[in-house]
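What follows is a set of notes on a single structure, which appears directly below.
Residue numbers (my numbering): -17 to 58.
Below, the structure written as C-alpha cells:
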C-alpha cells in the first residue's frame, strides 16, 4: 500500500477514529486503526467491539492498494 496524504485533512478523520480505539485490548486488530486502500479510495476503520467507525478521509491519494493496522500513536 502506498498513499500520499494531506496531513491536516487526514488527521481530522484519524482523530475521530482514535476516539473509538480501545488501547487496553489484548487484540492487536482493535488496538489500532485499519487503513484500507483499494479502488482509489482509502478508508479508516476502528472499533472497540461496541462502537465502530468507517471513515473516508479527505486529502488521500491511493498510489497502490493494500491494508494495514496502525497503532494510534503512529500518526498524529
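By construction, the Cβ of each residue, glycine as well, lies at the ideal position given by its N, Cα and C atoms.
{"Asked": "Residue 8 vs residue 24 beta-carbon contact at 9 Å", "Found": "no"}
{"Asked": "Integer Cβ distance of residue -8 from residue 41, believed to fall under 8 Å", "Found": "5 Å"}
{"Asked": "Residue 28 beta carbon less than 9 Å from that of residue 2", "Found": "yes"}
{"Asked": "Reduced DSSP secondary structure (H/G/I, E/B, other) of residue -16", "Found": "strand"}
{"Asked": "Cβ neighbours of residue 36 in the same chain (closer than 7 Å, five flanking residues each side left out)", "Found": "25, 27"}
{"Asked": "For residue -7, three-class secondary structure by DSSP", "Found": "helix"}
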